[in-house]
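Residue numbers (this note's numbering): 164 to 509. No residue lacks a Cβ here, since even glycine has one placed at the ideal position from N, Cα and C. The block underneath contains the structure these notes are about, expressed in structure tokens.
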């Protein structure tokens with residue numbers, strides 16, 4: 164039983180050592196090499212998930228194999244290791260020391276030379292991409308930014324990272340670089356998304372009761388961003404006043420409201436008034452979705468619904484209205500809206 168326990172403990176200490184204890188030197192060295200390889204690949208690709216999975220699988224496989232072989236040796240179904248006594252433990256000690264020396268040498272080979280603003284270690288290439296992204300943003304927008312640790316996807320040679328203005332950390336946006344292509348970012352959209360959200364937070368409750376949550380996302384034509392480059396960033400209100408036909412606002416609204424045959428016209432009238440508000444305030448192109456949930460949630464759910472957790476509330480989902488407005492005359496009456504009002508099957 165002692166051999167089984169020792170083989171288990173040694174495999175936990177480092178994969179492959181349990182095999183060496185069992186006298187299977189070749190297999191032990193193979194496990195050590197596999198672990199070092201997957202660790203190196205994982206570090207080289209900044210934590211690519213597939214290599215992390217291989218690393219864990221190799222470690223577990225080594226542990227299980229060492230236990231199975233030790234049990235069989237104890238039962239006599241396969242020969243016990245030929246080397247016994249002090250020489251066996253000296254060999255094990257040397258194997259552990261060599262394995263960990265190789266482990267730390269491999270880790271150092273990637274030269275973790277920097278950290279991001281959150282203290283996470285960065286490789287040379289990650290540090291280079293991070294600095295290039297920071298320079299790109301500051302040259303483009305003439306303000307200082309914090310760029311977080313880049314994430315690399317080897318399969319498509321793409322770096323992705325989050326960034327935010329140093330003087331306004333609430334505006335978090337994405338920065339990407341694909342191969343040798345120039346950097347791309349979503350800073351402007353994030354600024355206007357926040358402007359739109361702040362406006363709608365005060366506007367929506369005046370049109371809809373039992374407002375549960377909402378989201379808003381602004382997209383603009385490329386030429387608008389080109390025009391703005393190097394200038395003061397306009398607010399969302401200023402932007403849409405100057406370019407009302409070049410901006411799309413995608414809104415998703417969640418209401419806890421029972422819509423019946425008796426009150427459907429009343430609820431659609433509220434939607435029509437909101438559409439009129441958008442038109443009068445230069446929100447000309449709107450991709451609007453309104454989701455209605457059972458009022459039973461009023462006394463049950465304290466959690467706010469959003470795109471990530473909405474599946475949890477499917478059993479309360481009752482109606483949906485989806486409209487795309489790019490023409491002011493498209494929706495002039497509630498009859499126009501009824502075509503797009505859908506009952507969700509229970």
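* So is residue 359 buried or exposed if we call it buried at 16+ other beta carbons inside 10 Å? -> Within the chain shown, the letter at position 196 stands for residue 359. The C-beta of residue 359 has 16 or more other C-beta atoms within 10 Å across all chains shown, which makes the residue buried.
* Residues near residue 349 in its chain [Cβ-Cβ closer than 6 Å; skip 5 each side] -> Position 186 of the chain shown, counted from the start, is the residue given in the question as residue 349. Once the five neighbours on either side are set aside, the close Cβ partners of residue 349 are 336 and 337.
* Please list, in chain order, all residues of the same chain as residue 230 whose beta carbon is under 8 Å from its beta carbon, the five residues on each side excluded. => The residue labelled residue 230 in the question sits at position 67 within the chain shown. Scanning its chain for C-beta atoms nearer than 8 Å, with the 5 sequence neighbours on each side dropped, one finds around residue 230 the residues 167, 170, 171, 174 and 181, in chain order.
* Whole-angstrom C-beta distance between residue 416 and residue 377, which should lie under 8 Å -> The count along the chain shown starts at 1 and reaches residue 377 at position 214. The count along the chain shown starts at 1 and reaches residue 416 at position 253. Taking a contact as a CB-CB distance under 8 Å, the pair residue 377 and residue 416 counts as one, their CB atoms being some 5 Å apart.
* Asked: The alpha helix (DSSP H) spanning residue 437 covers which residue range?
  -> Within the chain shown, residue 437 is the residue found at index 274, counting from 1. Per DSSP, the continuous alpha helix (DSSP H) segment holding residue 437 begins and ends at 427-443.
* Identify the continuous alpha helix (DSSP H) that holds residue 166 and give its terminal residues. => If you number the chain shown from 1, residue 166 lands on position 3. 165-176 is the extent of the alpha helix (DSSP H) around residue 166.
* Touch test, the segment 460-469 against the segment 433-452, Cβ-Cβ under 8 Å, three pairs minimum -> Taking 8 Å as the limit for Cβ pairs, the verdict is that the segment 433-452 does not touch the segment 460-469.
* Could you check the C-alpha separation between residue 479 and residue 422 for me, to the nearest Å? => The count along the chain shown starts at 1 and reaches residue 479 at position 316. The count along the chain shown starts at 1 and reaches residue 422 at position 259. In this structure, the alpha-carbon of residue 479 lies about 13 Å from that of residue 422.
* Exposed or buried, which one is residue 395 when buried takes at least 16 other CB atoms within 10 Å? -> Counted from its first residue, the chain shown places residue 395 at position 232. When all chains shown are included, residue 395 counts as exposed.
* To do: Taking the CB atoms as reference points, tell me whether residue 236 and residue 164 lie closer together than 9 Å.
  => Within the chain shown, numbered from 1, the residue matching residue 236 stands at position 73. Within the chain shown, numbered from 1, the residue matching residue 164 stands at position 1. Cβ atoms of residue 236 and residue 164: not closer than 9 Å.
* **Close-in-space but distant-in-sequence residues of the same chain around residue 323 (CB under 6 Å, 5 per side omitted)** => For this step, residue 323 is matched to residue 160 along the chain shown. Excluding residues within five positions, the ones whose Cβ falls inside 6 Å are 314 and 339.
* Per-residue DSSP class, three states only, for residue 422 -> In the chain shown, residue 422 corresponds to position 259, counting from 1. It is coil, neither helix nor strand.
* **Reference residue 385, options 365, 406 and 306, closest by Cα** => For this step, residue 385 is matched to residue 222 along the chain shown. The residue with the shortest Cα to Cα distance from residue 385 is 406.
* Asked: Given residue 185, which residues of its chain have a CB within under 7 Å of its CB, disregarding the five upstream and five downstream residues?
  -> Taking the chain shown and counting its residues from 1, one reaches residue 185 at position 22. In the same chain as residue 185, and ignoring 5 residues on each side of it, the C-beta atoms closer than 7 Å to its own belong to 170, 229, 232, 233, 236 and 244, in chain order.
* So what does DSSP say about residue 328, is it helix, strand or coil? -> If you number the chain shown from 1, residue 328 lands on position 165. If DSSP states are grouped into helix, strand and coil, residue 328 belongs with the strands.
* Looking only at C-alpha atoms, which of 343, 303 and 290 sits nearest to residue 319? -> Along the chain shown, read from residue 1 onward, the residue named residue 319 stands at position 156. Of the candidates 343, 303 and 290, the one whose C-alpha sits nearest the C-alpha of residue 319 is 343.
* Do you know offhand how far residue 224's Cα is from residue 286's? -> One-based indexing of the chain shown puts residue 224 at position 61. One-based indexing of the chain shown puts residue 286 at position 123. Their Cα atoms are separated by approximately 30 Å.
* C-beta atoms of residue 484 and residue 455 nearer than 9 Å -> Taking the first residue of the chain shown as 1, we reach residue 484 at position 321. Taking the first residue of the chain shown as 1, we reach residue 455 at position 292. Yes, the Cβ-Cβ distance between residue 484 and residue 455 is below 9 Å.
* Asked: If residue 392 sits next to residue 329, beta carbons under 8 Å apart, how far is it from one beta carbon to the other, in whole angstroms?
  -> Start at 1 with the first residue of the chain shown, and residue 392 comes out as number 229. Start at 1 with the first residue of the chain shown, and residue 329 comes out as number 166. About 20 Å; that fails the 8 Å criterion.
* To do: Please confirm whether residue 383 and residue 411 have their CB atoms less than 9 Å apart.
  => Counted from its first residue, the chain shown places residue 383 at position 220. Counted from its first residue, the chain shown places residue 411 at position 248. The Cβ atoms of residue 383 and residue 411 lie closer than 9 Å to each other.
* Exposed or buried, residue 482, counting other C-beta atoms within 10 Å across all chains shown (16 or more means buried)? -> Translated into positions along the chain shown, residue 482 becomes position 319. With 16 or more Cβ atoms within 10 Å of its Cβ, residue 482 is classed as buried.
* Under 9 Å, do residue 460 and residue 419 count as touching if we go by C-beta distance? -> Your numbering for residue 460 matches position 297 in the chain shown. Your numbering for residue 419 matches position 256 in the chain shown. It is a contact, given that the beta carbons lie within the stated cut-off.
* Would you check if the distance between the CB atom of residue 354 and the CB atom of residue 399 is smaller than 9 Å? => Reading the chain shown from its first residue, position 191 is the one you call residue 354. Reading the chain shown from its first residue, position 236 is the one you call residue 399. Yes; because the gap between Cβ atoms is below 9 Å, this pair is in contact.
* With a floor of 4 residues, list each alpha helix (DSSP H) that falls wholly inside the segment 444-509, ordered by position along the chain. => Correct list: 497-501.
* **Same chain only: Cβ atoms within 7 Å of residue 201, ignoring 5 sequence neighbours per side** => For the purposes of this step, residue 201 is taken as the residue at position 38 of the chain shown. Within the same chain, residue 201 has close Cβ partners 214, 217, 218 and 221.
* Considering only the beta carbon of each residue, do residue 470 and residue 375 sit closer than 9 Å? -> As a first step, residue 470 is located in the chain shown; it is residue number 307 there, counting from the start. As a first step, residue 375 is located in the chain shown; it is residue number 212 there, counting from the start. No, these two residues do not count as a Cβ contact at 9 Å.
* Whole-number beta carbon distance between residue 356 and residue 379, since they are thought to touch under 8 Å -> Position 216 of the chain shown holds residue 379. Position 193 of the chain shown holds residue 356. About 6 Å separates the CB atoms of residue 379 and residue 356; that is less than 8 Å, so the two are in contact.
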